[in-house]
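Participant: Quick one: this structure, given as structure tokens, is what I'll be asking you about.
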Amino acid sequence: MTGVLTSVVAAFLMYTIFSRISIYFIYLLNVFSLVVIHYAIKKGESQGAIIGALCGLIQDSFSLGIFGVAGISKTIMGFAAGYISRRIDIIEVKKNFIFIFLLMCTELIIWSSLYLFLLSERVNTAGGILLFQPFITALVGSLFFSLLPKLKKRFVHHENA
Amino acid sequence: MPFSLKKNKSLIILICLILAQLILISAQVPLGGKENYLEKAIFSLFSPIQHGALAFIQKIGDLWRDYFYLRDVRGINERLSKEIFALQQQNILLQHSLKKYKNEEEIQEILEEIFGGVLPARVIGLDTGSVYRSVVINKGSKNGLQEDMVVVDRKGHLVGRVIPPVSFMEAKVHLITDSDSGVSVFTEKLKVPGILNGDGKGQCILKYIIATDDRVEVGENLITSGFDGIIPPGISAGVITSITTDKSLFKKISVSPYFTINHLDQIAVIALEPKEFF
Numbered sequence: 228m229t230g231v232l233t234s235v236v237a238a239f240l241m242y243t244i245f246s247r248i249s250i251y252f253i254y255l256l257n258v259f260s261l262v263v264i265h266y267a268i269k270k271g272e273s274q275g276a277i278i279g280a281l282c283g284l285i286q287d288s289f290s291l292g293i294f295g296v297a298g299i300s301k302t303i304m305g306f307a308a309g310y311i312s313r314r315i316d317i318i319e320v321k322k323n324f325i326f327i328f329l330l331m332c333t334e335l336i337i338w339s340s341l342y343l344f345l346l347s348e349r350v351n352t353a354g355g356i357l358l359f360q361p362f363i364t365a366l367v368g369s370l371f372f373s374l375l376p377k378l379k380k381r382f383v384h385h386e387n388a
Numbered sequence: 090m091p092f093s094l095k096k097n098k099s100l101i102i103l104i105c106l107i108l109a110q111l112i113l114i115s116a117q118v119p120l121g122g123k124e125n126y127l128e129k130a131i132f133s134l135f136s137p138i139q140h141g142a143l144a145f146i147q148k149i150g151d152l153w154r155d156y157f158y159l160r161d162v163r164g165i166n167e168r169l170s171k172e173i174f175a176l177q178q179q180n181i182l183l184q185h186s187l188k189k190y191k192n193e194e195e196i197q198e199i200l201e202e203i204f205g206g207v208l209p210a211r212v213i214g215l216d217t218g219s220v221y222r223s224v225v226i227n228k229g230s231k232n233g234l235q236e237d238m239v240v241v242d243r244k245g246h247l248v249g250r251v252i253p254p255v256s257f258m259e260a261k262v263h264l265i266t267d268s269d270s271g272v273s274v275f276t277e278k279l280k281v282p283g284i285l286n287g288d289g290k291g292q293c294i295l296k297y298i299i300a301t302d303d304r305v306e307v308g309e310n311l312i313t314s315g316f317d318g319i320i321p322p323g324i325s326a327g328v329i330t331s332i333t334t335d336k337s338l339f340k341k342i343s344v345s346p347y348f349t350i351n352h353l354d355q356i357a358v359i360a361l362e363p364k365e366f367f
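Chains A and B, in that order, are what the protein sequence lines are. Using our numbering, read the first sequence as starting at 228 and increasing by one per residue. Using our numbering, read the second sequence as starting at 90 and increasing by one per residue.
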């Protein structure tokens, strides 16, 4: 639980810092989704859905849109991430990239559909930049997830020494 | 095969979570624009993190500027001295012009009210859905912020208004670039009235100007009229960038606000209740 909360806070901090560097970072990289995917793979579909709901609602509370839209899309995405990762092998970087890319596309489709249905307006894609979000998030996510075990090992080794 | 609760535990959790959020969405309909308690709780819990992170980054930046990056200080100092001198002269001239209409005591009262009513603030966060909708600022109810207080940029141009949730030390500001915002304005020269809406992409649209009305020109400044009862009159809101007409009854007028979200950092909240203006 502490790990999840730390990751969520870390994602929120990264989001804050990125948004102050350039607004385009917000459109290109969804750090909250990466936290959801990471824990969904690690802990399964139930935890994935719960963490998805939590991250989505945090995202919603800092947006003027309807509270719950990002929550629903991230809940479904978290569930799907946990469910699929238990059935197929996604350890290899390439497979992991495709896996995250497809999940991000799904989340974006659900989010924009809910937006269109509930607010009767299209999502602002910032001149099409938002459409690159699945690709960039998948790229960053797959590289980070492949480096994470090595970083953890190094950290443990360093602590033991 | 009978439905097993144990086997389908994760599916039940998913359905419950989605249902709970659907109920949350439905509950917002009777609330209108008001925030719900859960939203306010999450906002109040996480906005201090944003506040702290930005304060930390700002401290590092200040440290760099104060101790290491002093190359341009002399130049900036000279420029600011000139600006202060010009502003002082302007202030004296304005006070002299005010004297024509009001007595000394009334002027002093007005000036004190204006001075005490302006609260400098900083943007600490952008909207997670669309950056042109809202921003989070580092002032909250502790500083006397309330719903509908007007927010201007460092040059006094309209940025938006304070909306709920207003937490203890942070608040949300609805930007004029959001498509759901509406400000009553008129053109500076011929006082043609209209409604300024955001286009959701960082620009604005001036609505309800009849296609046959030729009094509106490109490059003209838009000033708030105060007719909406929220934004006080006399604040610059934007400049007309293009006017087109088609078969519709109204002109299509694009307006560029004076601020860009990329450079929106220091702002000022006019910390007076809307009713105090009118």
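Idealized CB from N, CA, C, for every residue including glycine.
1) Between Ile250/A and chain B, is the shortest Cβ-Cβ distance under 8 Å, so that the two count as touching?
2) Report the CB separation of Thr352/A from Leu358/A in whole angstroms; it is logged as a contact under 8 Å.
3) Could you tell me how far apart the beta carbons of Phe348/B and Ser314/B are, in whole angstroms, since I believe they sit closer than 8 Å?
4) On the criterion of 16 or more Cβ atoms from any shown chain inside 10 Å, does Asp316/A qualify as buried, or is it exposed?
5) For Leu234/B, does the three-state DSSP call read helix, strand or coil?
6) Go ahead and pull the three-state DSSP assignment for Asp242/B.
7) Using the three-state DSSP reduction, which class does Thr217/B fall into: helix, strand or coil?
8) Determine contact between the region 358-369 of chain A and the region 322-330 of chain A, defined as no fewer than three beta-carbon pairs at a distance below 8 Å.
9) Scan the region 290-357 of chain B and note each continuous beta strand (DSSP E) run of 3 residues or more that stays entirely inside, going in chain order.
10) Helix, strand or coil for Lys377/B per DSSP?
11) Give the secondary structure of Asn286/B by DSSP, where H, G and I count as helix, E and B as strand, and everything else as coil.
12) Check the Cβ of Gly327/B against every Cβ in chain A and list those closer than 9 Å, keeping chain order.
13) Looking only at its chain, what residues have a beta carbon closer than 7 Å to the beta carbon of Tyr297/B, apart from the 5 residues adjacent to it on each side?
14) So, are the CB atoms of Val358/B and Ile332/B less than 8 Å apart?
15) Just to check, is the beta-carbon of Leu183/B closer than 7 Å to a non-hydrogen atom of the ligand ATP?
16) Evaluate contact between the region 309-325 of chain B and the region 259-276 of chain B, counting only Cβ atoms and requiring at least three cross-stretch pairs below 8 Å.
17) For the alpha helix (DSSP H) containing Thr409/A, list its first residue and its last residue.
18) Run through DSSP, which three-state label would Thr229/A get?
19) Quick one: is Leu176/B buried, meaning 16 or more other Cβ sit within 10 Å of its Cβ, or exposed?
20) Measuring CB to CB, does Lys301/A end up less than 8 Å from Cys282/A?
21) Can you pull the chain A neighbours of Ile107/B, defined as C-beta to C-beta under 8 Å?
22) Alpha carbons only, please: which of Asp237/B, Asn351/B, Pro137/B is nearest the one belonging to Phe257/B?
23) Of the residues Val281/B, Ile356/B, Ala116/B, which one's Cα is nearest the Cα of Val251/B?
24) Pull the bridge partners of Ser273/B from the DSSP assignment, please.
25) Who pairs with Ile226/B in a beta bridge, going by DSSP?
26) Measuring alpha carbon to alpha carbon, tell me which of Tyr242/A, Trp338/A, Val262/A, Ile285/A ends up nearest Ala142/B.
27) Rounded to a whole number of angstroms, what is the C-alpha to C-alpha distance between Tyr251/A and Val224/B?
28) Does chain A have any CB closer than 8 Å to the CB of Ala260/B?
29) Nearest by alpha-carbon distance to His263/B: which of Cys105/B, Lys148/B, Asp216/B, Asp155/B is it?
30) Is the beta carbon of Asp287/A closer than 8 Å to that of Ala276/A?
31) With distances taken Cα to Cα, identify the nearest neighbour of His265/A among Lys321/A, Ile356/A, Ala238/A.
32) Would you report the Cα separation of Ser240/B and Ile107/B, rounded to the nearest angstrom?
33) Spell out whether any CB of chain A is found under 8 Å from the CB atom of Ala142/B.
34) Near Leu370/A, which residues of its chain fall below 8 Å by C-beta distance, leaving aside the five closest residues on each side in sequence?
35) In whole angstroms, give me the CA-to-CA distance for Ile324/B and Pro254/B.
36) Quick one: measure Cβ to Cβ for Asn382/B and Arg243/B, integer angstroms, because I've assumed they're closer than 8 Å.
Facilitator: The structure says:
1) With 8 Å as the cut-off, Ile250/A counts as an interface residue toward chain B.
2) The pair is a contact, with the Cβ atoms about 6 Å apart (cut-off 8 Å).
3) Contact flag wrong, Cβ pair sits at about 20 Å.
4) Counting of Cβ neighbours within 10 angstroms places Asp316/A among the exposed residues, the total staying below 16.
5) Leu234/B carries a coil assignment under DSSP once its states are collapsed to helix, strand and coil.
6) The three-state secondary structure of Asp242/B, taken from DSSP, is strand.
7) In the three-state DSSP reduction, Thr217/B falls in the coil class, being neither helix nor strand.
8) The region 358-369 of chain A is in contact with the region 322-330 of chain A.
9) List check, beta strand (DSSP E) in window: 293-296, 310-313, 325-333, 341-346.
10) In the structure as shown, chain B begins at 90 and stops at 367. Residue 377/B is therefore absent and cannot be evaluated.
11) Asn286/B falls in the strand class under three-state DSSP.
12) Under the 9 Å cutoff, chain A gives no residues; its nearest Cβ is about 19 Å from Gly327/B.
13) Counting only Cβ-Cβ distances below 7 Å, and skipping sequence neighbours, we find Gly283, Ile284, Phe339.
14) Here Val358/B is not near Ile332/B, since their CB atoms are 8 Å or more apart.
15) This structure lacks the ligand ATP; in fact it carries no ligand of any kind.
16) Taking 8 Å as the limit for Cβ pairs, the verdict is that the region 259-276 of chain B does touch the region 309-325 of chain B.
17) Since the first and last residues shown for chain A are 228 and 388, residue 409/A lies out of range.
18) Note: Thr229/A maps to helix in three-state DSSP.
19) By the neighbour-count criterion, in which 16 or more other beta carbons inside 10 Å mark a residue as buried, Leu176/B falls on the exposed side.
20) Between Lys301/A and Cys282/A, the gap from beta carbon to beta carbon is short of 8 Å.
21) By Cβ distance, chain A contributes Ile299, Thr302, Ile303.
22) Distance from the Cα of Phe257/B is smallest, within the candidate group Asp237/B, Asn351/B, Pro137/B, for Pro137/B.
23) Distance check between Val251/B and each of Val281/B, Ile356/B, Ala116/B places Ile356/B closest, using alpha-carbon atoms only.
24) Its beta-bridge partners are Ile284/B.
25) Answer by DSSP bridge pairing, in chain order: Val212/B, Ala260/B.
26) The residue with the shortest Cα to Cα distance from Ala142/B is Tyr242/A.
27) Note on geometry: alpha-carbon atoms of Tyr251/A and Val224/B lie some 15 Å from one another.
28) So no, Ala260/B is outside the interface.
29) Residue Asp216/B is the option with its Cα nearest to His263/B.
30) Ala276/A is not a Cβ neighbour of Asp287/A, given a cutoff of 8 Å.
31) Answer by Cα proximity: Ala238/A.
32) Here the sequence assigns Val to residue 240/B, which means Ser is not the residue at that position. In a straight line, the C-alpha of Val240/B is about 37 Å away from that of Ile107/B.
33) Taking Cβ atoms only, chain A reaches closer than 8 Å to Ala142/B, which makes this a yes.
34) Within the same chain, Leu370/A has close Cβ partners Val320.
35) The straight-line gap from Cα to Cα measures roughly 25 Å.
36) Given a span of 90 to 367 for chain B in the structure shown, any question on residue 382/B remains unanswerable.
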